[in-house]
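When you line the sequence shown up against numbering that gives the first Met the number 0, it's residues 0 to 609, in that order. In this text, a Cβ means the ideal position worked out from N, Cα and C, and glycines have one as well. Note sheet for the following structure.
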Amino acid sequence: MKKQKNFLLKLMFLLTIFFLSFLFIIQPFLSIKKEFNNLKVSINILKETFKKNDIDLLEKDFKSFKKDYQTFQKQAQRIYWLSFIPYVADFKNGVEAASYYLKAGEIVLESVKPHADLIGFKKNTNSFVEKSAEERLKTAILTLDKMLYRIDEISKNLAQGEILINKIDPNRYPAKISNLLLKEKIENTKNEILSLTKLFVDAQPLLKNLPEIFGVNREKTYLILFQNDKELRATGGFLTSYAVFKIKDAKITIEKSEDIYDLDKSIANHPTAPKEIINYHLGVNRFYIRDSNLSPDFPTSIKLFNSLYNQSTKKVDYDGIIAIDTKILIDLLEIFGETSVDEIVFSPKIDPRCDCPSAIYTLFDIIDRPTPYLRENRKGILGKLMYALFYKAIGFSPSKYWGKLLNRMIKNLEEKHILVYFPDKNLQKSIEALNYGGTISNVKDDYLHINNVNFAGAKSNMFVTEEIESRTKFEGKKIKRELVITYKNPYPHSDCNLERGNLCLNATLRNWLRIYVPQGAKLITFKGSEKSVKVYNDLNKTVFEGFLRVTPLGMARVIVEYQLPERISLENYRLLIQKQSGTKDQKLTVIINGQKIYRGILEKDQWFED
0 MKKQKNFLLK
10 LMFLLTIFFL
20 SFLFIIQPFL
30 SIKKEFNNLK
40 VSINILKETF
50 KKNDIDLLEK
60 DFKSFKKDYQ
70 TFQKQAQRIY
80 WLSFIPYVAD
90 FKNGVEAASY
100 YLKAGEIVLE
110 SVKPHADLIG
120 FKKNTNSFVE
130 KSAEERLKTA
140 ILTLDKMLYR
150 IDEISKNLAQ
160 GEILINKIDP
170 NRYPAKISNL
180 LLKEKIENTK
190 NEILSLTKLF
200 VDAQPLLKNL
210 PEIFGVNREK
220 TYLILFQNDK
230 ELRATGGFLT
240 SYAVFKIKDA
250 KITIEKSEDI
260 YDLDKSIANH
270 PTAPKEIINY
280 HLGVNRFYIR
290 DSNLSPDFPT
300 SIKLFNSLYN
310 QSTKKVDYDG
320 IIAIDTKILI
330 DLLEIFGETS
340 VDEIVFSPKI
350 DPRCDCPSAI
360 YTLFDIIDRP
370 TPYLRENRKG
380 ILGKLMYALF
390 YKAIGFSPSK
400 YWGKLLNRMI
410 KNLEEKHILV
420 YFPDKNLQKS
430 IEALNYGGTI
440 SNVKDDYLHI
450 NNVNFAGAKS
460 NMFVTEEIES
470 RTKFEGKKIK
480 RELVITYKNP
490 YPHSDCNLER
500 GNLCLNATLR
510 NWLRIYVPQG
520 AKLITFKGSE
530 KSVKVYNDLN
540 KTVFEGFLRV
550 TPLGMARVIV
560 EYQLPERISL
570 ENYRLLIQKQ
580 SGTKDQKLTV
590 IINGQKIYRG
600 ILEKDQWFED
């Protein structure tokens, strides 16, 4: 009888445990899974609705999504009592962070709706579409001022979400479950959310000033500097031409577009060239504006630019400088199609004569091919082409190309094909916070920046490839790095006989090389430099400087070994590699302490961790 009683008590206990587990754990998890699946359907509907350019439908589907989310959140709260378990705590933080992001999205929608018809985001409304290109831009910018009045509120919600997302630790999850790379998936999702949040928060000062930047209160003047990345220089390319744009109430006019040589001719007395130019640039002993972007730090190069520009009789006071390279031109042509300027057609299609976009060959043919007659302002066509493409952009309905254009331009800012500089300190601070200013970063961690300067006339960077291999070794408490940089030119030499009127694109690359590393690093060996290696400090970094040549159908390689300063700790080791402005398709391999961390393309500044 006693055994039977004990059995019944145990059975009742087990049944109670099972019932409570079902009630407080299993049943809530099943409900959460069901509501999460409903939420995924709502998200997909919302994505499709956004593409339809209909604010009323978007508002309707957003409300439906919000309702589904709140139902999901309510079910999720049923397991919050298990938050002492780290995985549940991460789940809770993710769910609650989403509520803040949802609120931020709701505020954006509320801010945009009253002006949706003005910016072409309302069905059956032709008021925006029927306007001229100039009127469209003016309407969009003037309306932006009204839509940004709640930006602080949006930023506050995003910041609250960021705090919660930061609490999620991907390192506590297994690397792989079945075919799912779980840890990587969580880590990538977290980083994407935090990057977007940081982008908006850091951009807040800039966004607030956008109406002013577009000349709403007073006319603004901007210099556009065209950097030829096929003749690589420190900040992205040889300064080939410039344009002066004026903007008032979002109406843009191009005041001039000229060859950079015309700007140089307007300076009466050019000073003696800096020692770097005299040492590496054959036959050049005077300092010209076209060679002024010597520093890899764009604001520092602008100071050099200004030291000469201020002496020019063509000088105009500017409110900002925007430097762009040829990738911007090709991106715009790919989006908007072939474009004609002065009866010359520019196309993004590949031209077999250079294995490059046809527009690039056409430009070089106009700018660089010798002619028996004088061609005035031959490089001014660049400004005209960019102007034509800009008006193409604002001539289309926003739903057609603006999203693609915005994404492409943000990517180009991140990859440093566009650099922005403002004399206004607050605006410049916001640009640098977004990493859109082409600055050399000051970090406490390990650091690497490789800077190449083409001190020859040909466009050989169009043909030369660069492969970087960084091997970081931990030896006791010391950290050493072996850096191997390989340059190859697989194309034949151009016929550079100017008397025959030939176009000289590919010739020997004369490459001034600087490697920026943490200040205090000690050079062990530097192999591959044709001139004596120099070691000095610049921009709060130690610099290893060398020089090499890469011939057509040839190769060159440098191997550099150095020891990092003791302040770079093995604990929580991190490495920032900063990309040179204007470069593309640089192959990069990063090995830290024997482990391959990365193998791919260096598209933008990247952090690497052991």
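Quick check: what's the CA-CA separation for residue i versus residue j?
i: Y597; j: L574; result: 12 Å
i: K603; j: F345; result: 28 Å
i: D444; j: E34; result: 44 Å
i: E105; j: K112; result: 11 Å
i: I449; j: L601; result: 11 Å
i: S265; j: T252; result: 23 Å
i: G527; j: I558; result: 7 Å
i: S154; j: L195; result: 12 Å
i: P564; j: G545; result: 21 Å
i: E560; j: T524; result: 5 Å
i: E481; j: T471; result: 7 Å
i: I591; j: I320; result: 39 Å
i: Y390; j: I140; result: 15 Å
i: N501; j: L262; result: 26 Å
i: K50; j: V94; result: 26 Å
i: D53; j: Q577; result: 41 Å
i: Q324; j: G581; result: Just to set this straight, residue 324 is Asp in the shown sequence, not Gln. When rounded, the distance between both Cα atoms is 7 Å.
i: T188; j: R407; result: 21 Å
i: F61; j: Q159; result: 21 Å
i: S256; j: N496; result: 29 Å
i: N284; j: S311; result: 19 Å
i: N178; j: G599; result: 23 Å
i: A392; j: T338; result: 12 Å
i: L373; j: K302; result: Any answer about L373 is weak, because its pLDDT of 46 lies below 50 and its placement is not dependable; what the coordinates show is given next. Spanning the two alpha carbons is a distance of roughly 33 Å.
i: R513; j: H280; result: 15 Å
Report buried or exposed for residue i, applying the criterion of at least 16 other Cβ atoms within 10 angstroms of its Cβ.
i: P356; result: buried
i: G631; result: This structure gives no information on residue 631, because the portion of the chain shown stretches from 0 to 609.
i: D151; result: exposed
i: N505; result: buried
i: P351; result: exposed
i: D494; result: exposed
i: S531; result: exposed
i: S240; result: buried
i: Y221; result: buried
i: D341; result: exposed
i: A267; result: exposed
i: I277; result: exposed
i: L547; result: buried
i: E218; result: exposed
i: V516; result: buried
Check each candidate in the options and name the one with the smallest Cα separation from residue i.
i: P551; options: E468, T464 and R480; result: T464
i: Q579; options: T524, K66 and D296; result: D296
i: T234; options: P273, D248, N453 and N536; result: N453
i: I327; options: K184, L388, L502 and I380; result: L388
i: H492; options: G160, N501 and T507; result: T507
i: I259; options: D537, K91, L238 and Y279; result: L238
i: K274; options: A267, N268 and G282; result: G282
i: Y317; options: Y99, D60 and E254; result: E254
i: D584; options: T220, Y486, S440 and H114; result: Y486
i: S306; options: E333, L331, D330 and A272; result: A272
i: K383; options: I185, I343, L209 and P489; result: I343
i: G236; options: S469, L426, S294 and K428; result: S294
Leaving out five residues before and five after residue i in sequence, what residues of the same chain have Cβ atoms less than 6 Å from its Cβ?
i: F304; result: S291
i: P270; result: F286
i: N92; result: L163, K166 and I167
i: K586; result: E466
Leaving out five residues on either side along the sequence, give the residues of the same chain with a beta carbon under 8 Å from the beta carbon of residue i.
i: K73; result: none
i: K65; result: L101 and E105
Short of 7 Å in beta carbon distance, which residues of its chain neighbour residue i, apart from the five on each side in sequence? Order them along the chain.
i: L38; result: D67, Y68 and F71
i: L206; result: L147 and I150
i: Y386; result: I253
i: A358; result: L328, I329, L332, F345, S346 and P347
i: Q203; result: I150 and S154
i: S440; result: L575 and Q577
Tell me, please, whether the region 428-435 touches the region 540-547 by the rule of three or more beta-carbon pairs shorter than 8 Å.
-> no
Is the region 226-240 in contact with the region 457-469, if contact means three or more CB pairs nearer than 8 Å?
-> yes
Counting Cβ pairs closer than 8 Å, one from the region 166-176 and one from the region 197-215, do we hit at least three?
-> no
Can at least three beta-carbon pairs, one atom from the region 474-487 and one from the region 406-419, be found at a separation below 8 Å?
-> no
Check whether the region 31-48 touches the region 63-77, counting contact only when three or more Cβ pairs, one atom from each stretch, lie closer than 8 Å.
-> yes
Counting pairs of Cβ atoms below 8 Å between the region 97-104 and the region 37-55, do you hit three or more?
-> no
Are at least three pairs of beta-carbons, each pair with one atom in the region 162-170 and one in the region 84-98, less than 8 Å apart?
-> yes
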